[in-house]
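S.K.: Following this message is one structure expressed as structure tokens.
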Amino acid sequence: MTTGPAEVPAHPTTTEDVPATPGWVEGSVEAAFATLPCRGPGVTVLRNAYLDCLAGVSRTEDLDAGHDRCRQALLTALAAKEGVRPDLLRAFETRLEALEAEISARI
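Numbering (the numbering used here), first residue to last: 3 to 109.
Here is the structure:
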């Protein structure tokens, strides 16, 4: 009879607590990205990084400042890596700001 730790090491599962955004956020982010003229794996990486950043914003910090940090990093990367025009970035930023305000309002 064993009373110690299991013989098999623990592996993370999908039920473990990890930072995550509410389920509805990913669809809204996807809709915002659909308005951009660029597609492909590079854009997918940036989208996922933005979602991860939003998920990592702690409720113990200023949500608006955290969201601003995520959005600005994304916009900078889209301009530098994907060459998105400033006018398109501004319209995209407006969509993200509305989404972030909704996240803050629902928390």
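Even for Gly, the Cβ is constructed at its ideal location relative to N, Cα and C. Computed from a prediction, not measured in an experiment: that's the story for all the values here.
#1: Go ahead and label residue 11 buried or exposed: buried means 16 or more other beta carbons lie within 10 angstroms of its beta carbon, across all protein chains shown.
#2: Considering only C-alpha positions, which residue in the set 36, 85, 90 and 53 is nearest to residue 70?
#3: Looking at the structure shown, is residue 40 part of a helix, part of a strand, or coil, going by DSSP?
#4: Report yes or no: do the segment 67 to 86 and the segment 33 to 45 share at least 3 C-beta pairs separated by less than 8 Å?
#5: Going by C-alpha distance, which of 43, 79 and 24 is nearest residue 56?
#6: Excluding the 5 residues preceding and the 5 following residue 44 in the sequence, name in chain order all residues of the same chain whose CB lies nearer than 7 Å to its CB.
M.R.: Concretely, from the data shown:
#1: Reliability of the predicted coordinates at residue 11 is poor, the pLDDT of 43 falling under 50, and the value obtained from them is presented with this limitation in mind. Classification of residue 11: exposed, given that the 10 Å Cβ count is below 16.
#2: 53
#3: In this structure, DSSP gives residue 40 a state outside helix and strand, which the three-state scheme calls coil.
#4: yes
#5: 24
#6: 83 and 84
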